[in-house]
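Heads up: the sequence shown runs through residues 4 to 455, numbered per this note's numbering.
For every residue, glycine included, the Cβ atom is placed at its ideal position computed from N, Cα and C.
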Amino acid sequence: MTVDRTESAHWFERAQTVTPGGVNSPVRAYGSVGGVPPFLASGSGAVVTDVDGNEYVDLVCGWGPLLLGHAHPQVVEAVREQAAKGLSFGAPSTVEVELAEEIVSRIAPVEQARLVSTGTEATMTALRLARGVTGRDRIIKFAGCYHGHSDGLLAAAGSGLATLALPGSAGVPADVTAQTIVVPYNDLEAVRAAFEAHPGEIAAVITEASPANMGVVPPAPGFNRALADEVRRHGALLVCDEVLTGFRTGPAGWWGEEQAGRGSGGVASAGWQADLYTFGKVIGGGMPVAALGGSREIMSHLAPQGSVYQAGTLSGNPVACAAGLETLRLADAGVYAAVDRAADEVVSLVSGALQAEGVAHAVQRVGNLFGFAFGDGAALGWTGESGGPADESQVKRQEAYRYAPFFHAMLDGGVSLAPSVFEAWFCSAAHDDAALERIAAAVPAAARAAAA
Ligand code: PLP
């Protein structure tokens, strides 16, 4: 099949003239899969349309925010209504309060939330707050976990950095990352060793509630709970980054799924809480809203009440908050059931087709988030619960070269995937039977391409 992307190619050329690499976020450039990214003109439900008029069933969903699909009519209406009243005030507005109330009502340990505009700001502020509260400087992060692009967190981060195989980033002072201790994911012993090597110095451990930026890597049964115990024992704070998983994997994020006994260890994974949580993506419904939250006591250390500074001209922007609020209000049990069902179906279609073509792979899954790691887990030494990779070093030991042909066959078959094997796949409640049929039609050729 030849798909005409002449207009996209034209726009990509124009973009490269005025924007570094032609994109405003690195992975959009198709660096690891090659080719020209389709320039998108519109989206509706599960489908996006590019400037050449090609349609794709979208399994990127704006990199996570679009739980309800593209341009959900009620979300669009909420935005339209709010926009007509004013785009930005730089003064308190009621919709900010309502969005914070919605977050607080769903995540029990979060008594207060501060709204910001990006996940990067949320995690950066959470760590500043943890340092301010504890009076300590060092933090621990896990290799392959991505928490945005603030300086101290660009150490062994996943996502675009994994895709581009960059160890970190130029321009980050060594003094800054020297405060960041990086340990392998799912490795509690390494966390213990770090605490022992730096007694009284570690302010916080930051972890993705369930990592999804090195592909999906589920926490081992009970890992988050044991981690929370360990962190508390050393007087540090646990920052649970739910920017990606929050309000997507379930109504109370991945933390909520584990408390409900739906983590990989069942009830053994329940019974823990973090000191600070970060959110983004779904809470903006496709608009720039993110948040950090925790107990009233910890949050009281933020300015203007406390001495830890944080601010933002566009923080709690009313139009963005209106999109997030409407999205969360619509995200009921029926929505999560629809997303889960779509995820089940896509996993079974893709895994079945890969199996039929003899392509060894592991399905990596936490709730409705999933991905596929290519290769024979036994031969590659994968130690995850379901036979897949358990940490970043294992993720990197995979037949990643199979992804580019798979990806392009899917794209030519009318299905848009993230342009990197190191990213999660995202479904929405709009991925109905018609969308799933279109995916089913594209998958066999993609599996054949991956096998070649
Ligand atoms: N934390 C996690 C877990 C993320 O997945 C991301 C983005 O993908 C971020 C933080 C950063 O969010 P943003 O891209 O909004 O700055």
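Classify Leu90: buried if its beta carbon has 16 or more other beta carbons within 10 angstroms, exposed otherwise. exposed
Output the distance between the C-alpha atoms of Ala168 and Ala158, rounded to the nearest integer angstrom. With a pLDDT of only 40 at Ala168, under 50, the local geometry of the prediction cannot be trusted, and the value read off the model is given with reservation. Rounded to whole angstroms, the separation of the alpha carbons of Ala158 and Ala168 is 12 Å.
Quick one: what's got a C-beta closer than 6 Å to His364's C-beta in the same chain, skipping five residues either side? Leu357, Phe375 and Phe377
Would you kindly work out how many angstroms separate the C-alpha atoms of Gly387 and Asn227, rounded to a whole number? 15 Å
Spatial neighbours of Gly380 in its chain, beta-carbon cut-off 7 Å, leaving aside the 5 residues before and after: Ala365, Gly390 and Gly391
Please give the ranges of any beta strand (DSSP E) in the stretch 320-372, keeping only runs that are unbroken, at least 3 residues long and fully inside the region. For the stretch 320-372, whole beta strand (DSSP E) runs of length 3 or above, ordered along the chain, are 364-369.
For a test of the three-state rule: what should DSSP assign to Cys64, helix, strand or coil? Helix at Cys64.
Nearest-angstrom Cα separation, counted from Trp385 out to Glu402: 13 Å
Can you list, in chain order, the residues of its chain with a C-beta nearer than 6 Å to that of Ala421? Leave out the 5 residues immediately preceding and following it. Val63
Would you say Val369 and Pro221 are within 8 Å of each other, going by their C-beta atoms? yes
Got a list of residues with beta-carbon closer than 5 Å to any non-hydrogen atom of ligand 1, in chain order? Thr121, Gly122, Thr123, His150, Gly151, Glu211, Asp244, Val246, Leu247 and Gly283
Identify the continuous alpha helix (DSSP H) that holds Ser460 and give its terminal residues. The structure shown does not extend to residue 460, since the chain is modelled only from 4 to 455, so the question has no answer here.
For Ala229, the three-state DSSP class (helix, strand or coil): helix
If the criterion is Cβ atoms closer than 8 Å, does the pair Ala206 and Ala133 meet it? A distance below 8 Å separates the beta carbons of Ala206 and Ala133.
Could you tell me the distance, in whole angstroms, from the CA atom of Pro170 to the CA atom of Leu156? Interpretation of Pro170 is limited by its pLDDT of 49, a score under 50 that renders its predicted location unreliable; no figure is taken from the coordinates.
Whole angstroms is fine: what's the gap from Val446's alpha carbon to Thr252's? 24 Å
Buried or exposed: where does Val270 fall if 16 or more other Cβ atoms within 10 Å of its Cβ makes it buried? exposed
Can you say whether Thr9 is buried or exposed, counting buried as having 16 or more other CB atoms within 10 angstroms of its CB? exposed
Is Val82 near Ala325, with beta carbons less than 8 Å apart? yes
Buried versus exposed, by CB contacts within 10 Å (16 or more), Gly238: exposed
Gly297 lies in the beta strand (DSSP E); which residues open and close that run? Ala293 to Gly297
Between Ser213 and Thr248, is the Cβ-Cβ spacing less than 8 Å? yes
Within 10 Å of its beta-carbon, does Gln262 have 16 or more other beta-carbons around it, so buried, or fewer, so exposed? If you draw a 10 Å sphere on the C-beta of Gln262, you find 16 or more other C-beta atoms in it, and that means buried.
Could you work out which residue in Pro23, Thr183, Trp14 and Trp258 is closest to Pro40 when comparing CA atoms only? Residue Trp14 holds the alpha-carbon nearest to the alpha-carbon of Pro40 among Pro23, Thr183, Trp14 and Trp258.
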